[in-house]
Amino acid sequence: MNKPDSARTLAPEVRPADEAGLERAVALLRAGDLVAFPTETVYGLGADATSDKAVAGIFAAKDRPRFNPLIVHFPAADDIADAVVPCTTARRLAEAFWPGPLTLVLPRRSGCRISLLCSAGLDSLAVRVPGHPVAQRLLARVGLPIAAPSANRAGRVSPTTAEHVARSLGARVPLILDGGACPVGVESTVIDLTAPRPALLRPGGVALEDINDALPADLKIDAPDPGPADPRSSAPARSPGLLTSHYAPALPLRLDAKEVAADEALLAFGPNPPAGAAVTLNLSPSGDLRKAAARLFQSLRDLDRPGLRGIAAMPIPERGLGRAINDRLRRAAAPRPPS
Ligand code: TXA
Ligand code: MG
């Protein structure tokens, strides 16, 4: 039966990531359209990275500021060589962590085919080889580098299921490939390799401790000072996307909560959380940081209920994936730009 046009424009097509779904995704991407697809970290909003028009479509669909550069995804580490100039450290980290939740920022190669919009005016490019089997199959089949930010409206919580993407972007994305929930649950770790010393731009799915294990003694990255609750005062200028409040649920978020009020939702961690919240979700009763990361964004969405005063988040240890969790929570709690 025909649906009214209004219904058609509100709902994107959501398909399982089977043969037919992948074929449709490849056709759309080759035609310059957008496709949302699962990676091991979060769902990405993908487009042909070599097409200015396709990449411009990503910025428009997300309402993303043009100064915030995009990560370009490749099927294998060897495939980045035409786009960027890898150094020894890049090769070492790629060997250790790709495919996987790691993004490397490298100098753009001159004459590189990637749309300049992906670099947003910088002379660098962020590259990643994702490990999720659906992302792998899509990239191998489409034969194009794919630019993909997280598939959410700018500034909001990243999507870890196809349903989150549909709710955030609606028909702004013609097709969502459904590959189930993303296993890592927080975005990739972003490492800047454009200066002599590597720098951590965003903690993420690969723990800083593991990255340092793969680096020689003179290049190890210092753990960043977690800094004040307002990341705008301390964000590294080298990563433009980290300058504003981000990952924000609609409710205000309160950090380091040791007790909770009856009109608050509690984002708990570990055994014996304080009692008395209107609703409590525990990221990991056993204190497992990997499990907590995988549940973080779903839990923030589930606690974001009308009628409550806010979300109170218990302290999370600043180690392993706890760094990425705390980074996202601090940004979600940061003062918001006027809307
Ligand atoms: O896990 C992920 O990284 C996901 C999946 C889809 O791959 N993508 C993702 O993209 O999180 P996005 O756009 O939401 O975040 C990319 C971050 C932003 O903070 C951006 O500013 C930074 O990487 N970035 C991208 N290109 C950069 C560059 N050339 N120099 C510095 N930072 C860059
Ligand atoms: Mg994002």
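In this note's numbering, each residue carries its 1-based index in the sequence shown increased by 110. Cβ atoms here follow ideal geometry from the backbone N, Cα and C, with glycine treated the same way. Everything numeric in this text was worked out from a predicted model, so none of it was measured.
Name the residue from the options whose alpha carbon lies nearest to the alpha carbon of residue i.
{"i": "residue 205", "options": "259, 288, 324, 393", "result": "324"}
{"i": "residue 308", "options": "271, 272, 221, 200", "result": "200"}
{"i": "residue 228", "options": "254, 259, 429", "result": "259"}
{"i": "residue 359", "options": "223, 372, 413", "result": "413"}
{"i": "residue 377", "options": "417, 426, 330, 332", "result": "426"}
{"i": "residue 363", "options": "370, 331, 319, 420", "result": "420"}
{"i": "residue 254", "options": "197, 286, 277, 190", "result": "190"}
{"i": "residue 285", "options": "138, 441, 310", "result": "138"}
Excluding sequence positions up to five away, which residues of its chain have a Cβ less than 6 Å from the Cβ of residue i?
{"i": "residue 153", "result": "146, 261, 269, 275"}
{"i": "residue 114", "result": "Since pLDDT at residue 114 reaches only 44, below the 50 mark, its modelled position is unreliable, and the value read off the structure follows with that caveat. Closer than 6 Å at the Cβ level, and outside the excluded window around residue 114, lies no residue."}
{"i": "residue 271", "result": "291"}
{"i": "residue 236", "result": "181, 213, 215"}
{"i": "residue 127", "result": "244, 287, 289"}
Give me, in chain order, the residues of the same chain whose beta-carbon lies closer than 7 Å to that of residue i; leave out the 5 immediate sequence neighbours on both sides.
{"i": "residue 304", "result": "215, 216, 217, 234"}
{"i": "residue 163", "result": "142"}
{"i": "residue 403", "result": "294, 295, 296, 431, 434, 435"}
{"i": "residue 298", "result": "151, 211, 212, 213, 238, 314, 315"}
Check residue i in the structure and name its three-state DSSP category.
{"i": "residue 145", "result": "strand"}
{"i": "residue 321", "result": "helix"}
{"i": "residue 366", "result": "coil"}
{"i": "residue 71", "result": "Missing from the structure shown is residue 71; the chain here goes from 111 to 449 and no further."}
{"i": "residue 346", "result": "Because the pLDDT of residue 346 is 48, which lies under 50, any placement of that residue in the model is unreliable, and the question is left without a value."}
{"i": "residue 288", "result": "strand"}
{"i": "residue 341", "result": "Reliability of the predicted coordinates at residue 341 is poor, the pLDDT of 46 falling under 50, and the value obtained from them is presented with this limitation in mind. Helix at residue 341."}
{"i": "residue 433", "result": "helix"}
{"i": "residue 374", "result": "strand"}
{"i": "residue 420", "result": "strand"}
{"i": "residue 130", "result": "helix"}
{"i": "residue 353", "result": "Because residue 353 carries a pLDDT of 48, less than 50, the predicted location of this residue cannot be relied on, and the following value inherits that uncertainty. Residue 353 falls in the coil class under three-state DSSP."}
Excluding the 5 residues flanking residue i on each side, which residues of the same chain have their C-beta closer than 8 Å to its C-beta?
{"i": "residue 411", "result": "267, 274, 359"}
{"i": "residue 176", "result": "169, 227, 230"}
{"i": "residue 386", "result": "369, 370, 371, 372"}
Contiguous alpha helix (DSSP H) assignments of at least 4 residues, all confined to the region 232 to 271: Counting only runs of 4 or more, we get 243 to 252.
Heavy atoms of the ligand MG versus C-beta positions, residues under 6 Å: Every residue with a CB closer than 6 Å to a heavy atom of the ligand MG is listed here in chain order: 259, 260, 268.
Length at least 3, wholly inside the region 143 to 226: the beta strand (DSSP E) runs in chain order: Here the runs fully enclosed are 145 to 148, 153 to 158, 181 to 183, 212 to 217.
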